[in-house]
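Data first, discussion second: the structure below is written as structure tokens.
There are 2 protein chains.
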Amino acid sequence: MKFRRSERLIDMTHYLLDHPRQLVPLTFFAERYSSAKSSISEDLAIVKETFEQRGIGTLQTVPGAAGGVKFFVKVSKEEARPFVKELCELIAESERLLPGGYLYMTDILGNPQVVQNAGRIIASAYAETKIDVVMTIATKGIPLAYAVASQLNVPVIIVRRDSKVTEGPTVSINYVSGSTKRIQTMVLSKRSIKQESHVLIVDDFMKAGGTVMGMISMLEEFNAHVAGIAVLVEAEKTEERLVDDYLSLVKLSDVNVKEKKINVHEGNYFTK
Amino acid sequence: MKFRRSERLIDMTHYLLDHPRQLVPLTFFAERYSSAKSSISEDLAIVKETFEQRGIGTLQTVPGAAGGVKFFVKVSKEEARPFVKELCELIAESERLLPGGYLYMTDILGNPQVVQNAGRIIASAYAETKIDVVMTIATKGIPLAYAVASQLNVPVIIVRRDSKVTEGPTVSINYVSGSTKRIQTMVLSKRSIKQESHVLIVDDFMKAGGTVMGMISMLEEFNAHVAGIAVLVEAEKTEERLVDDYLSLVKLSDVNVKEKKINVHEGNYFTK
Chain A
1 MKFRRSERLI DMTHYLLDHP RQLVPLTFFA ERYSSAKSSI SEDLAIVKET FEQRGIGTLQ
61 TVPGAAGGVK FFVKVSKEEA RPFVKELCEL IAESERLLPG GYLYMTDILG NPQVVQNAGR
121 IIASAYAETK IDVVMTIATK GIPLAYAVAS QLNVPVIIVR RDSKVTEGPT VSINYVSGST
181 KRIQTMVLSK RSIKQESHVL IVDDFMKAGG TVMGMISMLE EFNAHVAGIA VLVEAEKTEE
241 RLVDDYLSLV KLSDVNVKEK KINVHEGNYF TK
Chain B
273 MKFRRSERLI DMTHYLLDHP RQLVPLTFFA ERYSSAKSSI SEDLAIVKET FEQRGIGTLQ
333 TVPGAAGGVK FFVKVSKEEA RPFVKELCEL IAESERLLPG GYLYMTDILG NPQVVQNAGR
393 IIASAYAETK IDVVMTIATK GIPLAYAVAS QLNVPVIIVR RDSKVTEGPT VSINYVSGST
453 KRIQTMVLSK RSIKQESHVL IVDDFMKAGG TVMGMISMLE EFNAHVAGIA VLVEAEKTEE
513 RLVDDYLSLV KLSDVNVKEK KINVHEGNYF TK
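Protein chains in written order, with the numbering used here: chain A, 1 to 272; chain B, 273 to 544.
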């Protein structure tokens, strides 16, 4: 059965979106649609052009006998800006204020449209970086980490506060929380990361960066490399930032509990 | 600027996949592509046909002035079968066996391709059910719950074992773990569920069902309704199952630690 071009384009779009950063040989599509490779090449040129024009992403063509195409999510800063602006407004809502100047963000971190968009922007910033795995710490950042991981097509691993029998043997480390200076423990299953892996650390919130530093120490125990650090929100006013090289989508500059004001700006994603 | 049909089809496919269960008015597409509504209708007919033929999902047309289209993910049992078979083989690997007959599944639950496919199958089973929110309990099931929620286009909320300052006021309940008979606590942020919400409970693993029963009790505290219960894996050999009406993709019938054998079958998803 032969497929019309329109059908091929629709199915190809779905297939490529579903398999980011994965090399798909031209022959795969040629067989899938019982079509000539030359038609498939034409199709892919149309898909690539539309993806780029509409800010969906890009296709990379790998030439040669073992060649094919790879889809990468690609969000430009101009495309990211309206979403981040909306996110800032969402975070600045005064009802979010909790005693102690903490912010309630659980609803934002559980909203699939927000998480997916944020995940796309972060994944896009690391599209050309070698990343084998995305790492986060339980609990609130997990949906975001998973959204980033699925766009990068790599597994997500979750550091926990306590060990569980279903994790098998674990590595446990102590770390000092940057803002409260308390000693805490984090635990990671020994099987979860291969030696020498390149790891993107993703979290929902970073204050002084103690938890992120903890995750970096954890990676040292696995002889793994930090490929990047990305957070949805960073708190700006911290005496001493423990982590330098990171990406943030949103910056929290001032939380005034008395006046119920939350000051939120674009993160360093736009200036990096 | 006018768009060619091929470009429209590609962008529409992306847009619809990205906005499941959301009514998209025809006028939205007509304006987006500066095209006549009649052309958009023709486009949508092609998209619908291809989505259905390729097992991607379906489009529902809502007629009238306030009408439009809605995309639903729709996986048939025949399409689900090869994936579930693969999943069974993956779970049956003898290296997963941990002391006490527990299984290491963290890698499976962190693999985006597996999680996405499982999420699609579960979401598809509840495509026509009224669901306002997906609920899970920390930690391992969160990526799956998020995958289901994003296909259903509803928020995901996470029940925790302990309360955190960033959750604001919480509701806490005690429950009895079905298999170990221990009393445990679970906590949910008061803001997270609206009264009378319809909730789909998603978890990675169910033994006797004590944790799921706990989540059901929690929902009673919020005057919320259980719209469904779905688990990736159920353990078959339990003296007494506390929960009756649930969906499972995979059934674990026997774990023999001595002979290092794990018996895994299709879950009740296929017989329901």
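The C-beta atom is built at its ideal place from N, Cα and C for all residues, glycine as well.
- Interface annotation, B:L289: in contact with chain A, CB-CB separation under 8 Å.
- Per DSSP, the unbroken alpha helix (DSSP H) holding B:Q423 starts and ends at I414 to L424.
- Listed along chain B, the residues sitting closer than 9 Å to A:M105 by beta-carbon distance are T438.
- For the region 148 to 172 of chain A, the residues whose beta carbon sits under 7 Å from a beta carbon of chain B are, in order, A149, S150, N153, P155, V156, I157, I158, R160, V165, T166, E167 and G168.
- DSSP lists B:V459 as the beta-bridge partner residues of B:R432.
- Under the 8 Å criterion on CB atoms, B:A302 is classed as non-interfacial with respect to chain A.
- By the Cβ criterion, the region 313 to 330 of chain B is in contact with the region 8 to 16 of chain A, since at least three pairs of Cβ atoms, one from each stretch, lie closer than 8 Å.
- In terms of beta-carbon proximity, B:T322 lines the interface with chain A, with at least one pair separated by less than 8 Å.
- For B:P292, the secondary structure class from DSSP, reduced to helix, strand or coil, is strand.
- For A:I108, the enclosing alpha helix (DSSP H) starts and ends at T106 to L109.
- Looking only at B:V536, B:N540 and B:T543, the smallest Cα-Cα distance to B:K357 is reached by B:V536.
- The three-state reading of DSSP puts B:Q332 in strand, counting E and B together.
- For A:G119, the enclosing alpha helix (DSSP H) has its first and last residue at P112 to A125.
- With the criterion set as a beta carbon lying under 8 Å from some beta carbon of chain B, the members of the region 113 to 135 of chain A are Q113, V115 and Q116, in sequence order.
- Ranking B:Q467, B:V474 and B:T483 by CA distance to the CA of B:E492 puts B:Q467 first.
- Among the residues facing chain B, A:E221 is not included, as its CB has no counterpart in that chain under 8 Å away.
- Against A:S217, chain B offers no close residue; the least beta-carbon distance is about 21 Å (beta-carbon pairs closer than 9 Å).
- By the beta-carbon neighbour count (other beta carbons within 10 angstroms, threshold 16), A:S197 is buried.
- A Cβ-Cβ separation of about 5 Å places B:Y374 in contact with A:V165 under the 8 Å criterion.
- Using a CB distance cut-off of 8 Å, B:L316 does not count as an interface residue toward chain A.
- A distance below 8 Å separates the beta carbons of A:D204 and A:V233.
- Here the C-alpha atom of A:S34 lies approximately 29 Å from the C-alpha atom of B:A390.
- Counting along the chain, A:I137 sits inside the beta strand (DSSP E) bounded by residues V133 to I137.
- Looking at the DSSP output, B:D526 shares a beta bridge with B:N535.
- Unbroken beta strand (DSSP E) runs of no fewer than 3 residues, entirely contained in the region 305 to 352 of chain B, are found at 329 to 334 and 340 to 345, following chain order.
- Listed along chain B are V437, T438 and G440, each with a C-beta nearer than 8 Å to that of A:L98.
- Rounded to the nearest angstrom, the Cβ distance from A:T271 to B:T411 is 34 Å, too far for a contact under 8 Å.
- Between the alpha carbons of B:A338 and B:A397 lies a gap of roughly 27 Å.
- A:G214 sits in a helix when the DSSP states are folded into three classes.
- The Cβ neighbour count for A:K251, taken over all protein chains shown within 10 Å, is at least 16; the residue is labelled buried.
- Distance from A:I131 to A:L200 at the Cβ level is roughly 5 Å; contact confirmed, criterion being Cβ atoms closer than 8 Å.
- Shortest Cα-Cα distance from B:L370 to any of B:N540, B:E538, B:V527 and B:G539 involves B:V527.
- For the 8 Å CB-CB criterion, A:A208 and A:T238 form a contact.
- Under the Cβ criterion of 8 Å, B:R454 is not counted among the residues facing chain A.
- Secondary structure note for A:F270: it is in no beta strand (DSSP E), with a DSSP letter that is neither H nor E.
- Within the region 199 to 217 of chain A, contact with chain B at the beta-carbon level (separation under 9 Å) is assigned to F205.
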